[in-house]
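Protein chains in written order, with the working numbering: chain V, 1 to 425; chain R, 1 to 425. Working notes, structure below.
There are 2 protein chains.
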Amino acid sequence: MKTGLHFLIAAKRCEIAELQELTQTSALVRVTARLVHGLQRERGLSNLFLASPNGHWQPELDEQVAACVAMQQELLDGFGSMDIEPRLGQGARLFSRIAYVMQGLDALPALRQQVRTRAWTPQRATQAYIRLINGLLAVVFEAADSAGDPDISRRLVALFNFMQGKELAGQERASGAAAFGSGRADAATQQHLLHLIDSQERCLQVFADFASDDLKRAWQQAQQVDTLAGLERLRRVICTAAPGQVLDTGQTQMWFDACTARMDAMKGVEDRLADELQGLCAQRQELARGELAVLERMLVASATGARAVQRSLSFFEDNAVTPLPPSAPAPPTWATPLDRSILDLVQEQARRLQTVSDELDTVRASLNERKLIERAKGLLMAHRHLGEEAAHKTMRQMAMNQNKRLVEVAEAVLAMADVLPSTQR
Amino acid sequence: MKTGLHFLIAAKRCEIAELQELTQTSALVRVTARLVHGLQRERGLSNLFLASPNGHWQPELDEQVAACVAMQQELLDGFGSMDIEPRLGQGARLFSRIAYVMQGLDALPALRQQVRTRAWTPQRATQAYIRLINGLLAVVFEAADSAGDPDISRRLVALFNFMQGKELAGQERASGAAAFGSGRADAATQQHLLHLIDSQERCLQVFADFASDDLKRAWQQAQQVDTLAGLERLRRVICTAAPGQVLDTGQTQMWFDACTARMDAMKGVEDRLADELQGLCAQRQELARGELAVLERMLVASATGARAVQRSLSFFEDNAVTPLPPSAPAPPTWATPLDRSILDLVQEQARRLQTVSDELDTVRASLNERKLIERAKGLLMAHRHLGEEAAHKTMRQMAMNQNKRLVEVAEAVLAMADVLPSTQR
Numbered sequence: 001m002k003t004g005l006h007f008l009i010a011a012k013r014c015e016i017a018e019l020q021e022l023t024q025t026s027a028l029v030r031v032t033a034r035l036v037h038g039l040q041r042e043r044g045l046s047n048l049f050l051a052s053p054n055g056h057w058q059p060e061l062d063e064q065v066a067a068c069v070a071m072q073q074e075l076l077d078g079f080g081s082m083d084i085e086p087r088l089g090q091g092a093r094l095f096s097r098i099a100y101v102m103q104g105l106d107a108l109p110a111l112r113q114q115v116r117t118r119a120w121t122p123q124r125a126t127q128a129y130i131r132l133i134n135g136l137l138a139v140v141f142e143a144a145d146s147a148g149d150p151d152i153s154r155r156l157v158a159l160f161n162f163m164q165g166k167e168l169a170g171q172e173r174a175s176g177a178a179a180f181g182s183g184r185a186d187a188a189t190q191q192h193l194l195h196l197i198d199s200q201e202r203c204l205q206v207f208a209d210f211a212s213d214d215l216k217r218a219w220q221q222a223q224q225v226d227t228l229a230g231l232e233r234l235r236r237v238i239c240t241a242a243p244g245q246v247l248d249t250g251q252t253q254m255w256f257d258a259c260t261a262r263m264d265a266m267k268g269v270e271d272r273l274a275d276e277l278q279g280l281c282a283q284r285q286e287l288a289r290g291e292l293a294v295l296e297r298m299l300v301a302s303a304t305g306a307r308a309v310q311r312s313l314s315f316f317e318d319n320a321v322t323p324l325p326p327s328a329p330a331p332p333t334w335a336t337p338l339d340r341s342i343l344d345l346v347q348e349q350a351r352r353l354q355t356v357s358d359e360l361d362t363v364r365a366s367l368n369e370r371k372l373i374e375r376a377k378g379l380l381m382a383h384r385h386l387g388e389e390a391a392h393k394t395m396r397q398m399a400m401n402q403n404k405r406l407v408e409v410a411e412a413v414l415a416m417a418d419v420l421p422s423t424q425r
Numbered sequence: 001m002k003t004g005l006h007f008l009i010a011a012k013r014c015e016i017a018e019l020q021e022l023t024q025t026s027a028l029v030r031v032t033a034r035l036v037h038g039l040q041r042e043r044g045l046s047n048l049f050l051a052s053p054n055g056h057w058q059p060e061l062d063e064q065v066a067a068c069v070a071m072q073q074e075l076l077d078g079f080g081s082m083d084i085e086p087r088l089g090q091g092a093r094l095f096s097r098i099a100y101v102m103q104g105l106d107a108l109p110a111l112r113q114q115v116r117t118r119a120w121t122p123q124r125a126t127q128a129y130i131r132l133i134n135g136l137l138a139v140v141f142e143a144a145d146s147a148g149d150p151d152i153s154r155r156l157v158a159l160f161n162f163m164q165g166k167e168l169a170g171q172e173r174a175s176g177a178a179a180f181g182s183g184r185a186d187a188a189t190q191q192h193l194l195h196l197i198d199s200q201e202r203c204l205q206v207f208a209d210f211a212s213d214d215l216k217r218a219w220q221q222a223q224q225v226d227t228l229a230g231l232e233r234l235r236r237v238i239c240t241a242a243p244g245q246v247l248d249t250g251q252t253q254m255w256f257d258a259c260t261a262r263m264d265a266m267k268g269v270e271d272r273l274a275d276e277l278q279g280l281c282a283q284r285q286e287l288a289r290g291e292l293a294v295l296e297r298m299l300v301a302s303a304t305g306a307r308a309v310q311r312s313l314s315f316f317e318d319n320a321v322t323p324l325p326p327s328a329p330a331p332p333t334w335a336t337p338l339d340r341s342i343l344d345l346v347q348e349q350a351r352r353l354q355t356v357s358d359e360l361d362t363v364r365a366s367l368n369e370r371k372l373i374e375r376a377k378g379l380l381m382a383h384r385h386l387g388e389e390a391a392h393k394t395m396r397q398m399a400m401n402q403n404k405r406l407v408e409v410a411e412a413v414l415a416m417a418d419v420l421p422s423t424q425r
């Protein structure tokens with residue numbers, strides 16, 4: 001016969017299983033982040049290579065490709081050692097994201113071939129790398145969306161947004177490199193660059209909203225004023241070039257180095273974010289294991305008859321215990337729990353669940369922007385028979401024309417969903 | 001070495017595991033609903049017993065208690081045979097809810113003792129039954145909030161709201177029974193009854209928004225016009241009684257019977273909702289198993305070398321396949337999948353995940369009202385040092401005074417959170 005205590009113990013064990021799972025996912029996120037960083041650099045060098053005359057940048061590109069091949073193997077090994085037994089929770093979503101991105105990794109050699117033979121334009125190569133990197137970021141997004149612990153979820157949201165901001169910085173590097181390399185920056189390129197800069201800022205703002213003070217400080221310190229000044233000057237050169245004006249291709253290297261310095265600094269902060277995340281997972285696990293041990297001692301005590309069957313009316317009493325306000329720190333670990341009644345523990349757990357659920361809602365709301373944008377994109381794809389990139393480009397163009405944020409455009413598109421003509425089929 | 005196909009298979013197996021889990025939870029929901037129905041009747045009879053002079057209603061109450069004891073055992077057996085091994089997903093929340101409600105079930109004999117010895121007022125007994133039933137409904141809520149399949153989630157939301165509406169109808173029966181039994185209905189009782197009637201309607205509206213057409217029709221047919229007319233007349237008698245006016249205690253039985261007829265009709269619809277839910281779970285499982293079999297055949301084919309390693313560029317191509325619009329019916333099951341590439345399947349899966357996620361967001365939004373109310377209640381408890389019932393009563397009073405919905409009051413309370421003085425600790 002199971003009692004409430006058995007279910008309390010089962011709940012605690014589930015919590016521990018989830019924390020273990022989060023620890024493993026965090027390790028995977030770290031390897032994913034490393035490959036993303038490598039592919040971002042590979043994309044930048046591919047752009048330089050494609051935009052420059054014969055042979056330039058080829059040694060650097062070859063070296064980076066070799067580095068990426070090793071990182072890719074590391075990630076594939078990580079996938080290979082994952083436990084893929086059926087599980088509840090976000091398993092189906094995470095595994096599907098991995099299945100998707102593995103297709104992209106399979107196709108990477110063919111992509112490199114197109115670059116090496118100069119068969120593709122810089123734009124086309126950039127789009128291909130973006131798609132692959134987006135696939136990798138989607139794995140991180142899934143992890144951020146699945147964490148059941150608000151503090152861990154907060155760290156994952158900060159990390160995901162930081163990675164997203166860094167990816168936009170990488171796209172900026174690639175676009176700017178193509179512009180300097182070819183000596184031209186047309187109006188569309190300029191507008192696109194401004195949009196990338198703006199979107200980066202917003203991602204970094206979400207990061208700042210959810211990161212720990214330590215990490216916020218680390219990011220402030222990582223942005224060295226002199227590097228930033230150089231980058232801002234070059235941004236101005238591209239974005240204010242008059243139509244037809246020739247850019248100094250000699251500044252290509254300077255642009256690439258300034259962007260790369262920024263991205264390497266971001267990678268440093270990203271690593272620290274990942275460290276903090278793994279540390280937090282370990283700490284939470286230890287705490288939960290301590291609580292489990294207490295509950296198990298209570299179970300032993302009750303089995304040996306030490307605990308009388310409690311059929312008191314206190315369940316129906318309006319307990320005056322003040323629940324923790326949402327912003328309060330976590331309660332101290334159970335101090336002298338053996339003298340506490342199971343009812344106390346059960347009520348405390350109920351209050352905790354409530355608090356956790358409230359906090360999670362708040363944290364996850366920040367992920368909703370991305371979901372809204374994806375949803376609006378899907379709608380455009382369905383109603384206008386557009387491909388994914390075309391739909392995204394349409395929305396980006398609308399955002400730029402109307403001087404609105406992408407998420408505002410997405411909301412507008414979704415609001416029109418009911419009146420859009422149904423053209424599919 | 002794992003491939004994308006391995007992860008696609010793993011994702012499908014996770015889906016099946018979740019459907020199995022939902023099937024079991026649905027069975028548990030059904031037993032829970034039965035006990036809730038029994039306890040609602042027990043509460044109504046307890047009110048009649050407490051409000052009436054010596055000995056009246058005692059045989060009926062005794063009989064109902066005996067029936068409830070059997071149903072309670074059935075639910076405890078259900079809990080007993082649950083798999084409580086650690087799992088991911090909503091395991092921790094579900095088990096915690098069960099641990100909580102088991103404490104209430106343990107205390108039920110003591111509650112009955114208070115009623116039998118007439119130690120408690122009808123109001124106090126009603127509050128105790130409400131708390132226990134709310135604990136049982138919270139188990140159903142957890143199930144509704146955890147389903148990953150939008151159609152199943154929709155059915156669970158319909159079922160949960162129907163159960164909630166039925167519980168409000170039960171509270172109406174109990175309050176009205178106490179009023180008729182004692183021959184008095186003061187202004188507070190009248191206002192409370194009107195509020196219960198109003199809240200019922202809203203729950204039933206949400207049910208209608210999410211239920212299948214079959215079930216909506218079933219509920220329309222279940223509301224027999226003559227029963228409803230009788231109930232409405234008695235509602236009017238209570239709610240329009242002038243201060244100090246004596247009610248005809250002879251109408252107590254009529255009131256109880258009219259309410260009971262309505263609730264029994266609701267129970268019939270509730271059972272059909274549960275049937276439909278279990279049928280849908282079984283159907284989804286069969287579908288998923290068929291898809292799994294296809295994927296597994298593909299894996300065998302690839303292992304025997306029939307499938308060449310695919311390193312094509314199609315991953316990077318902007319496929320023109322139109323994704324399904326959110327309101328489209330489910331796609332037909334994979335027709336000739338062995339000739340389809342893994343990339344096709346992976347992309348189809350990605351689109352499906354997107355659609356599922358969008359629909360789930362829509363369905364779950366309807367659960368947010370309840371969450372908002374719980375959150376506002378928690379805030380009031382913390383800031384005004386109120387117990388749970390007192391906090392709920394305060395909000396209900398605010399809603400009645402301002403002629404607002406409870407959720408609107410909750411939103412107002414939460415909006416004030418930052419300016420509320422921090423009095424705790």
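Backbone N, C-alpha and C define an ideal beta-carbon position, used for all residues, glycine too.
6 Å Cβ shell around residue i - same chain, five flanking residues per side excluded
i: R/L299; result: L5
i: V/S52; result: G181
i: V/L28; result: G78
i: R/R154; result: F210, V363
Neighbour flag for residue i against chain V, beta carbons, 9 Å
i: R/F316; result: yes
i: R/T232; result: Per the sequence shown, the amino acid found at residue 232 of chain R is Glu instead of Thr. Not one chain V Cβ lies under 9 Å of R/E232.
i: R/G290; result: no
i: R/D361; result: yes
Beta-carbon proximity check, residue i vs residue j, cutoff 9 Å
i: V/L292; j: V/I152; result: no
i: V/L156; j: V/A138; result: no
i: R/E74; j: R/L35; result: yes
i: V/F180; j: V/T252; result: yes
i: V/L168; j: V/C203; result: yes
i: V/L247; j: V/A147; result: no
i: V/G165; j: V/Q123; result: no
i: V/Q103; j: R/I342; result: yes
i: R/F95; j: V/L8; result: yes
i: V/K2; j: R/G80; result: yes
Contact list for residue i against chain R, beta-carbon separation under 7 Å
i: V/L353; result: R93, S96
i: V/V346; result: A99, Y100, Q103
Close beta carbons around residue i, own chain, < 8 Å, minus the five adjacent residues each side
i: R/T333; result: Residue placement at R/T333 cannot be trusted, given a pLDDT of 45 that sits under 50; what the coordinates show is reported in the next sentence. Excluding residues within five positions, the ones whose Cβ falls inside 8 Å are L287, G290, E291.
i: R/M395; result: I373, A376, K377, L380, L406, V409, A410, V413
i: V/M427; result: With chain V running from 1 to 425 in the structure shown, residue 427 of chain V is simply not present.
i: R/G244; result: none
i: V/V101; result: L132, G135, L136, A138, V139
i: R/W57; result: L45, L48, F49
i: V/Q127; result: E389
Beta-carbon proximity list for residue i, same chain, < 7 Å, skipping 5 on both sides
i: R/L194; result: C239
i: V/T189; result: S175, A179
i: V/R307; result: Confidence in V/R307 is poor, its pLDDT being 46 and thus under 50, which makes the residue's placement unreliable; the coordinate value appears in the next sentence. Contacts found: A301.
CB contact below 9 Å: residue i versus chain R
i: V/D106; result: yes
i: V/L324; result: Residue placement at V/L324 is poorly supported in this model, since its pLDDT is 38, which falls under 50; the coordinates are not used for a value here.
i: V/R131; result: yes
i: V/L228; result: no
i: V/L45; result: no
Neighbour list for residue i in chain V, Cβ cutoff strictly below 7 Å
i: R/D358; result: R375
Contacts that residue i makes with chain R (C-beta to C-beta distance below 9 Å)
i: V/P150; result: Within chain R, no residue comes near V/P150; the closest Cβ sits about 14 Å away, beyond 9 Å.
Chain-ordered neighbours of residue i on chain R, where CB pairs are closer than 8 Å
i: V/P86; result: A10, R13, C14, I16, A17
ask   = For the region 12-43 of chain V, which residues have a beta carbon sitting closer than 8 Å to at least one beta carbon of chain C?
value = No chain C appears in the structure shown, which is made up of the protein chains V and R.
query = According to a CB-to-CB cut-off of less than 8 Å, which residues of the region 167-187 of chain V neighbour chain R?
reply = none
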